[in-house]
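Below is one structure, written out as structure tokens; comments come after it.
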Amino acid sequence: MIVAALHRPACGSRKVAAPVLSIRSKAIRLGGTKSESSQNWSADDFRIRLLGGLLAGCALFTGIQPPEASARIPTDALLDLRKIPRLPSPEVLIGAQSGTYQGKTFVPEDVKGEVARIMTLMQQGREASLSGEYDTAVSLYSTIIREFPDLAVTEYARVNRALMLYQTDQTSRAILELDDEEVVLRGNAEVHSALAAILYAERPSQILRSEEQWDLAMSFDKRYGNPEWVEREKAWPPKMIKALNKFLSLQ
2 MIVAALHRPA CGSRKVAAPV LSIRSKAIRL GGTKSESSQN WSADDFRIRL
52 LGGLLAGCAL FTGIQPPEAS ARIPTDALLD LRKIPRLPSP EVLIGAQSGT
102 YQGKTFVPED VKGEVARIMT LMQQGREASL SGEYDTAVSL YSTIIREFPD
152 LAVTEYARVN RALMLYQTDQ TSRAILELDD EEVVLRGNAE VHSALAAILY
202 AERPSQILRS EEQWDLAMSF DKRYGNPEWV EREKAWPPKM IKALNKFLSL
252 Q
């Protein structure tokens with residue numbers, strides 16, 4: 002129970018005494034017994050302690066930072082998200098494949114010409130491989146890599162060249178190029194399966210890595226576990242198919 006008593010003077014000439022707040026409460030001790038305790042605080046002391054408790058509670062639940070910490074938080078460099086350009090919609094991207102969408106050009110003419118030349122060279126390289134002209138295939142894929150090094154589609158020319166290099170007994174170079182493509186095209190089942198087959202056939206000390214690469218390939222495309230499909234659809238050269246069969250039979 003809280004009782005506040007304000008002592009007033011008996012006459013107007015007497016000095017007014019400071020107000021006193023008398024607090025009486027019943028305290029429960031840890032042992033479970035009850036006893037009365039009392040304490041007298043001045044009104045100023047009470048207000049100071051009350052204000053301090055409220056501020057401490059605010060700091061606890063809202064995480065108030067000291068002035069020197071909050072002063073270091075940059076507020077004038079916050080991004081205005083409304084100014085960030087938005088990506089085109091899927092419809093726009095699909096239309097961009099043919100160069101135009103609703104009368105707007107998205108693919109420059111020179112880029113379309115480069116892509117057309119790359120696809121022509123890729124087809125010629127495939128035909129050379131099927132006809133057994135593996136050195137010619139290496140030369141055609143190298144032309145793509147030399148003339149268009151910065152285009153994404155060139156990465157597939159690098160993969161095909163690595164397969165042709167293995168066919169022409171340039172094993173170390175083929176492994177190095179497939180290692181590079183495994184980083185660039187992570188998740189490409191053809192790269193993982195080709196690297197697994199070559200490592201298993203040519204580098205017995207890296208059998209564990211070969212199996213890891215195969216697990217990655219199978220997690221993305223299980224068709225590479227069928228050598229007939231790989232030879233027919235991906236046009237792998239004979240030596241690559243032999244290495245793949247050796248891996249699958251665990252010889």
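Position one of the sequence shown corresponds to residue 2 (the numbering used here), numbered consecutively onward. Each residue gets a CB set at the ideal place from its N, CA and C atoms; glycine is no exception. Just so you know, these numbers come straight off a predicted model, no measurement behind them.
{"Asked": "Could you check which residue in Tyr157, Asp136, Thr137 has the C-alpha nearest to that of Ile146?", "Found": "Tyr157"}
{"Asked": "Among the candidates Glu191, Arg187, Thr172, Ala218, whose CA atom is the shortest distance from the CA of Leu200?", "Found": "Thr172"}
{"Asked": "Nearest by alpha-carbon distance to Arg210: which of Thr121, Lys113, Val154, Glu183 is it?", "Found": "Glu183"}
{"Asked": "Please determine whether the Cβ atom of Ser173 lies at a distance below 7 Å from any heavy atom of the ligand FMN.", "Found": "Of ligands this structure carries none, so the ligand FMN is not represented either."}
{"Asked": "Compare the beta carbon distance of Ala244 and Ala190 with 8 Å and say whether it is the shorter of the two.", "Found": "no"}
{"Asked": "Which residue's Cα is closest to the Cα of Glu212: Phe248, Val160, Leu179?", "Found": "Phe248"}
{"Asked": "Output yes or no for whether 8 Å exceeds the beta carbon distance between Arg224 and Trp230.", "Found": "yes"}
{"Asked": "Checking 8 Å against the spacing of the C-beta atoms, do Tyr135 and Met241 come in under that value?", "Found": "no"}
{"Asked": "Taking 8 Å as the threshold (C-beta atoms), are Ala163 and Leu179 in contact?", "Found": "yes"}
{"Asked": "Give the straight-line distance between the Cα atoms of Asp1 and Leu196, rounded to the nearest whole angstrom.", "Found": "Any answer about residue 1 is impossible in this case: the structure gives the chain only from 2 up to 252."}
{"Asked": "Could you spell out where the alpha helix (DSSP H) holding Phe221 opens and where it closes?", "Found": "208-221"}
{"Asked": "What is the C-beta distance between Val116 and Val160, in whole angstroms, given that I count them as a contact (C-beta under 8 Å)?", "Found": "Contact flag wrong, Cβ pair sits at about 17 Å."}
{"Asked": "Grab the span of the alpha helix (DSSP H) containing Thr155 for me, first residue to last.", "Found": "155-168"}
{"Asked": "Just verifying my parser: in three-state terms, what is the DSSP assignment at Tyr247?", "Found": "The sequence given here has Lys at residue 247, not Tyr. Reduced to three states, the DSSP call for Lys247 is helix."}
{"Asked": "Work out the CA separation of Gln124 and Arg204 for me, nearest whole Å.", "Found": "31 Å"}
{"Asked": "Using a 10 Å radius around the Cβ and a threshold of 16 neighbouring Cβ atoms, would you call Pro239 buried or exposed?", "Found": "exposed"}
{"Asked": "Under the rule that 16 or more other beta-carbon atoms within 10 Å means buried, what is Leu122, buried or exposed?", "Found": "buried"}
{"Asked": "So the candidates are Val154, Asn246, Trp237; which of them puts its Cα closest to the Cα of Val185?", "Found": "Val154"}
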